[in-house]
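Structure, as structure tokens:
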Amino acid sequence: MFNQLQKKTLIVKRTVQMTRNGKIPTMYALVVVGNGNGAAGFGEGRGPEASKAVLMATRKAIKDIQMIPRYDDRTIYHDIDHKFKATKLLLWARRPGFGLRVAPIIHEICQCIGIKDLAGKIHKSRNPMNVIKAVFEALQTQRKPEEIAMARGIRLVDVNHTYYGATRPTPQKYGRR
1 MFNQLQKKTL IVKRTVQMTR NGKIPTMYAL VVVGNGNGAA GFGEGRGPEA SKAVLMATRK
61 AIKDIQMIPR YDDRTIYHDI DHKFKATKLL LWARRPGFGL RVAPIIHEIC QCIGIKDLAG
121 KIHKSRNPMN VIKAVFEALQ TQRKPEEIAM ARGIRLVDVN HTYYGATRPT PQKYGRR
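First residue of the sequence shown: 1, per full-length UniProt numbering; consecutive thereafter.
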């Protein structure tokens, strides 16, 4: 299973702790891992060298892997407006073939998760650490149509199956003619 995971190192930076004896340098890394099929996690690591920090972050990310719900295995179920600390995140579900039109850091996360069609904006703070945490929190807050129907006390019906007798295939490409 671990051979199939994609690993993206999103942040590597040098930090310094000031003591009365001088500066103590350490490295910080933030890594996202995912299988490209709806499972992903992120981890933070610190160490004396960048390689050790990345290794620690990767191990924590693998421990933190969680399932992210995806609609049609390509986008999110509904538009999301999420706030994490000073970061405000707007994510919109898009039609097939739209692509990923989001900030580069969100683009990397979506590739690890397996989201192919998404648009989004980051307002206020664009601190990469908070953006990554906001994306994972926002994607976990999604509600599936079945959950919404159960909360409202109604039954969910597949309209394609009801009116057409079977699930109709969706067109793969959209383009101008």
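For each residue, glycine too, the CB sits at the ideal point set by N, CA and C.
**Report entry** C-alpha distance - phenylalanine 42 paired with isoleucine 65, whole-angstrom precision
**Finding:** Taking the CA atoms as reference points, phenylalanine 42 sits about 7 Å from isoleucine 65.
Query - Where alanine 151 falls: helix, strand or coil (DSSP) - result: If DSSP states are grouped into helix, strand and coil, alanine 151 belongs with the helices.
Query raised in the report: So what's glutamate 44 in DSSP terms, helix, strand or just coil?
Result: Strand.
Query raised in the report: Do you know whose CA, among Thr75, Lys83, Ala103, lies nearest glycine 97's CA?
Result: Per the Cα distances, Thr75.
Query raised in the report: Distance, Cα to Cα, alanine 86 vs isoleucine 62?
Result: The straight-line gap separating the alpha-carbon atoms of alanine 86 and isoleucine 62 is approximately 27 Å.
**Report entry** Proximity below 8 Å, CB of histidine 82 to CB of threonine 162
**Finding:** Contact flag unset, no.
Query - Backbone secondary structure at arginine 59 - three-state DSSP - result: If DSSP states are grouped into helix, strand and coil, arginine 59 belongs with the helices.
Query raised in the report: Looking at glycine 47 and methionine 18, is the spacing between their C-beta atoms short of 8 Å?
Result: Not closer than 8 Å, so no.
Query - Strand pairing of leucine 30, partner residues [DSSP] - result: Bridge partners of leucine 30: Ile11, Glu44.
Requested in this report: Would you mind giving the Cβ-Cβ distance between alanine 57 and leucine 30, rounded to the nearest angstrom? I have them listed as a contact below 8 Å.
Outcome: Between leucine 30 and alanine 57 the Cβ distance is about 6 Å, and since that is below 8 Å, they are a contact.
Query - Three-state secondary structure assigned by DSSP to lysine 121 - result: Reduced to three states, the DSSP call for lysine 121 is strand.
Query raised in the report: Can you round the beta-carbon distance between isoleucine 80 and isoleucine 109 to whole angstroms, since I take them to be within the 8 Å contact cut?
Result: Actually they are not in contact, since the Cβ atoms of isoleucine 80 and isoleucine 109 sit about 13 Å apart, beyond 8 Å.
Requested in this report: Take threonine 15 and list the residues in its own chain whose beta-carbon comes closer than 7 Å to its own, dropping the five residues that flank it on each side.
Outcome: Closer than 7 Å at the Cβ level, and outside the excluded window around threonine 15, lie Thr26, Tyr28.
Query raised in the report: From what residue to what residue does the alpha helix (DSSP H) around residue 180 run?
Result: Residue 180 cannot be examined here, being either before or after the span of the chain that is shown, 1 to 177.
Query raised in the report: In whole angstroms, what separates the C-alpha of isoleucine 115 from that of lysine 23?
Result: A straight-line Cα-Cα distance of about 42 Å links isoleucine 115 and lysine 23.
**Report entry** Distance between valine 12 and valine 157 (C-alpha atoms, nearest Å)
**Finding:** Spanning the two alpha carbons is a distance of roughly 48 Å.
Requested in this report: Would you mind sorting isoleucine 154 into buried or exposed? The rule is 16 or more other CB atoms within 10 Å of its CB.
Outcome: The residue is exposed, with fewer than 16 neighbouring Cβ atoms inside 10 Å.
Query raised in the report: By DSSP, does valine 54 sit in helix, in strand, or in coil?
Result: Looking at valine 54 - three-state DSSP - the assignment turns out to be helix.
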